[in-house]
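Asks: According to our numbering, the residues represented by the sequence shown are 12 to 511, in order.
Where a beta carbon is used, it is the ideal one built from N, C-alpha and C, also for glycine.
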Amino acid sequence: MDKPGLVGSVLFHALFFGFGDLESNVLNYLSVPLREFIADSLQRHYAIEPDSEQFELAYSAIASSFFVGAIIASLMMAWCMDRYGRKGTAVYIRSSLGIIAALAMLMAKWLGMVEFFVLGHLLAGAISALKTVVYIYVAECAPDQARGWSSTAIGSGANLMLLLASPLCLPALFGNSWSWWLLPAGCLLMAMFHLFGAAHFPESPKQLYIGNGAKEEAKQSAMFYHGSTANLAELFDEFEHERLIVHHEKVGWTEFWTSHRLRWSMAITLLASSVPALSLINLKSQYLEPMLMRYGLGQSESLVFTMAMTALTAPLCLVAPCLIESWGRRPLFLLITALSTLELTLLTVAQLLYDVLGGGGIFVSSMALIGCTMGQASVNLGLFNMTPILVGELFPHPARARATQVALLLPNFVVVGIVLAYPSLIVSIGALFFLPLATFSSLVLLLMLKLLPETKGRPVDDIFRRLADSRTNSVTDYGAIGDDGAMPTKVGDHIPLMKC
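What follows is the structure, given as structure tokens:
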């Protein structure tokens with residue numbers, strides 16, 4: 012394969028872009044020492060007692076600040092992608108925020124001020140949301156036949172980093188009141204490496220050609236990522252088709268409603284983005300250890316079982332990039348959704364047993380662990396890859412930034428509600444907290460079985476044209492290209508692709 016630039020950039024991102032995932036899991040991996048730190052800081056500065064209801068409310072608010080950051084980043088994402096490009100948002104903005112977040116957490120430790128930790132945790136949420144732009148950036152750099160494995164590979168790399176980091180969070184190492192700052196320090200180094208290393212990779216050729224109109228720079232970028240033997244005339248012809256398939260250089264919000272195909276693309280993408288939103292991955296990133304301890308495990312046991320669960324499913328990180336190209340998107344995404352639904356179902360059963368028995372035990376904790384293992388398997392297979400891959404393949408470049416924003420913003424509101432409600436509702440209603448999530452996830456699985464298309468290896472403009480193909484040539488139906496719907500096939504025949 013004559014694509015050394017693509018392979019090298021994917022490996023680099025896989026190694027270092029996972030700093031955001033580590034920062035997102037600081038409160039989960041180090042829950043015991045951080046809870047002690049937060050309790051001490053709140054008591055000293057605000058006279059809030061550790062065992063009070065005020066403390067539980069404050070702790071829940073601190074945990075939820077992560078999702079406030081994610082929502083803020085989602086609101087800004089489309090503007091950043093259009094203004095600064097894919098690379099500017101994915102590398103410069105995201106990595107810089109990663110450095111600031113890690114520094115804020117370190118300052119919280121050494122100054123004893125919980126306010127700095129809240130800032131770092133909020134920025135970690137923004138970094139987590141911007142992770143989607145990294146996937147889109149890498150997918151736009153890759154040829155059609157490599158879009159899937161390249162995006163999945165960097166996600167797998169981040170998951171493996173979490174696997175390597177989790178043993179370090181045992182109480183004897185980082186998981187104590189003195190040493191917990193070492194994990195943010197490691198994130199700081201990774202973010203710096205990613206910022207200064209990825210700065211040497213070119214912007215995606217698609218962004219340069221379609222977004223910036225810089226054809227010479229797009230040529231150099233394409234040769235870097237696609238190899239020196241790439242057919243640039245054919246590649247740029249594909250870019251031209253994708254550029255001209257919509258009316259404007261940038262798609263406005265109203266066009267997501269007036270265009271039949273954009274509506275259909277958004278509906279499918281929102282279905283996919285609802286899977287991680289309804290799943291327990293966001294809840295577990297804040298409350299996994301307390302959840303397992305609630306079902307009868309101790310702190311060390313919870314961390315050991317978490318490491319075992321992660322290690323057991325780790326091989327899936329290695330096979331996921333192969334599966335997405337050999338199986339295709341549809342079978343893999345359906346499997347991921349089924350595993351996530353199974354996790355919710357098993358946690359519902361575990362909580363129901365806890366409610367009936369009046370406490371945890373071996374059977375209850377086993378059900379919870381099996382469910383969490385199913386959820387971790389879905390993560391390692393690409394739970395967080397589904398949305399960016401579908402955004403990159405169902406939407407033409409001019410619509411992609413706003414589509415990314417919508418696909419992240421709406422589910423993030425659901426996530427915030429789930430995380431905020433969990434501490435109080437799990438005590439008051441028990442299994443009824445998980446039951447609606449499992450029900451809705453099952454419904455999403457059924458809808459995806461019916462609606463999810465296969466997009467493997469196909470040009471974006473071809474996918475977009477064929478998606479819910481309209482019987483009319485209305486000017487609001489992107490992809491209508493003439494009286495008979497025929498499209499130009501001659502390479503370089505860059506005629507307008509729409510009848511206006």
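Would you mind reading off the limits of the alpha helix (DSSP H) that contains Asn-39?
Replies: Start and end: 37 to 40.
Asks: Under the three-state reduction of DSSP, which class applies to Ile-429: helix, strand or coil?
Replies: Ile-429 falls in the helix class under three-state DSSP.
Asks: Do Ala-113 and Ala-25 count as a contact pair if the criterion is CB distance below 9 angstroms?
Replies: Against a cut-off of 9 angstroms, the Cβ pair of Ala-113 and Ala-25 comes out as no contact.
Asks: Can you give the Cα-Cα distance for Ile-440 and Pro-434, rounded to whole angstroms?
Replies: Looking at the two C-alpha atoms, the distance is approximately 11 angstroms.
Asks: By a C-beta neighbour count over all protein chains shown, 10 Å radius and 16 as the cutoff for buried, is Arg-477 buried or exposed?
Replies: Arg-477 should be labelled exposed.
Asks: If you draw a straight line from the alpha carbon of Ser-215 to that of Ala-449, how long is it in whole angstroms?
Replies: C-alpha separation (whole angstroms): 39 angstroms.
Asks: Roughly how many angstroms separate the alpha carbons of Thr-352 and Arg-55, rounded to a whole number?
Replies: So the two alpha carbons sit approximately 43 angstroms from each other.
Asks: At 3 residues or longer, what runs of the beta strand (DSSP E) sit wholly inside the region 58 to 105?
Replies: Those beta strand (DSSP E) runs which fall completely within the region 58 to 105 and span 3+ residues do not exist here.
Asks: Please classify Ala-325: does DSSP put it in a helix, a strand, or coil?
Replies: Residue state, collapsed to three classes: coil.
Asks: Using a Cβ-Cβ cut-off of 6 angstroms (strictly less than) and excluding sequence neighbours within five positions of Met-201, which residues of its own chain qualify?
Replies: Phe-27, Phe-30, listed in sequence order.
Asks: Span of the alpha helix (DSSP H) holding Val-402?
Replies: From DSSP, the alpha helix (DSSP H) with Val-402 extends over 397 to 405.
Asks: Work out the CA separation of Leu-206 and Pro-326 for me, nearest whole Å.
Replies: About 28 angstroms.
Asks: Using only the alpha-carbon positions, how far apart do Met-98 and Leu-243 sit?
Replies: First, the residue type needs correcting, since residue 98 is Lys and not Met in the sequence shown. Between Lys-98 and Leu-243, the C-alpha separation is close to 21 angstroms.
Asks: Along the chain, where does the alpha helix (DSSP H) that runs through Phe-28 open and close?
Replies: Segment: none, Phe-28 is in no alpha helix (DSSP H) and carries neither H nor E.
Asks: Could you give the first and the last residue of the continuous alpha helix (DSSP H) run that contains Val-129?
Replies: First-last of the alpha helix (DSSP H) with Val-129: 125 to 152.
Asks: Closest to Leu-9 by CA distance: which of Val-426, Gly-386, Leu-117, Ile-111 is it?
Replies: The question about residue 9 has no answer here: the residues shown for the chain are numbered 12 through 511.
Asks: Ordered along the chain, which non-local residues of its own chain (more than five positions away) have a Cβ less than 6 angstroms from that of Ala-84?
Replies: Ala-137, Ala-140, Leu-141.
Asks: At what residues does the alpha helix (DSSP H) containing Phe-212 begin and finish?
Replies: Per DSSP, Phe-212 belongs to no alpha helix (DSSP H) and is neither H nor E.
Asks: For Gln-218, tell me which candidate among Leu-303, Tyr-148, Arg-340 has the shortest Cα-Cα distance.
Replies: The residue with the shortest Cα to Cα distance from Gln-218 is Tyr-148.
Asks: Determine the extent of the alpha helix (DSSP H) in which Glu-465 is found, giving its start and end residues.
Replies: Note, Glu-465: premise wrong, no alpha helix (DSSP H); not H, not E.
Asks: Am I right that Phe-45 and Trp-191 are in contact with their C-beta atoms under 8 angstroms? What's the rounded C-beta distance?
Replies: With the sequence shown as reference, residue 45 is identified as Leu, and Phe is not the correct amino acid for it. Right, their Cβ atoms sit about 6 angstroms apart.
Asks: Distance, Cα to Cα, Ser-20 vs Pro-332?
Replies: About 15 angstroms.
Asks: Rank Val-417, Gly-369, Ala-412, Met-459 by C-alpha distance to the C-alpha of Thr-100 and give the top, closest one.
Replies: If we check each option's Cα against that of Thr-100, Ala-412 comes out closest.
Asks: Taking Lys-230 as part of the alpha helix (DSSP H), name the residues at either end of that continuous run.
Replies: Here the alpha helix (DSSP H) through Lys-230 covers 226 to 237.
Asks: Taking the alpha-carbon positions, what's the Ala-164 to Glu-60 distance?
Replies: Between Ala-164 and Glu-60, the C-alpha separation is close to 46 angstroms.
Asks: Using only alpha-carbon positions, find the residue among Ala-135, Leu-443, Met-203 that is nearest to Tyr-365.
Replies: Per the Cα distances, Leu-443.
Asks: Compare the C-alpha of Met-378 against each of Gln-362, Gln-231, Tyr-298 and name the closest.
Replies: Looking at the Cα atoms, Gln-362 is the closest of the given residues.
Asks: Am I right that Leu-303 and Phe-316 are in contact with their C-beta atoms under 8 angstroms? What's the rounded C-beta distance?
Replies: That belief holds up - the Cβ atoms of Leu-303 and Phe-316 are roughly 7 angstroms apart, short of 8 angstroms.
Asks: Tyr-95 CB to nearest chain D CB: under 9 angstroms?
Replies: No chain D is part of this structure, which consists of one protein chain only.
Asks: When we look at the beta-carbon of Arg-254 and count the other beta-carbons within 10 Å, is it buried (16 or more) or exposed?
Replies: That one is buried.
Asks: Would DSSP call Ser-270 helix, strand or coil?
Replies: The answer is coil: DSSP assigns Ser-270 none of H, G, I, E or B.
Asks: On the DSSP letters alone, give me the boundaries of the alpha helix (DSSP H) that Gln-156 sits inside.
Replies: Where Gln-156 is concerned, there is no enclosing alpha helix (DSSP H), given that its DSSP letter is neither H nor E.
Asks: Can you tell me whether Ala-497 is buried or exposed? The criterion is at least 16 other CB atoms within 10 Å of its CB, across all chains shown.
Replies: Because the pLDDT of Ala-497 is 41, which lies under 50, any placement of that residue in the model is unreliable, and the number read from its coordinates should be weighed accordingly. Exposed.
Asks: First and last residue of the alpha helix (DSSP H) that includes Ser-389?
Replies: Its alpha helix (DSSP H) spans residues 373 to 392.
Asks: So, Leu-314 versus Cys-180, is the Cβ gap smaller than 9 angstroms?
Replies: Their beta carbons are under 9 angstroms apart, which means Leu-314 touches Cys-180 by this criterion.
Asks: Whose CA, out of Phe-250, Asp-473, Asn-396, Val-417, lies closest to the CA of Leu-343?
Replies: The option with the nearest alpha carbon to Leu-343 is Asn-396.
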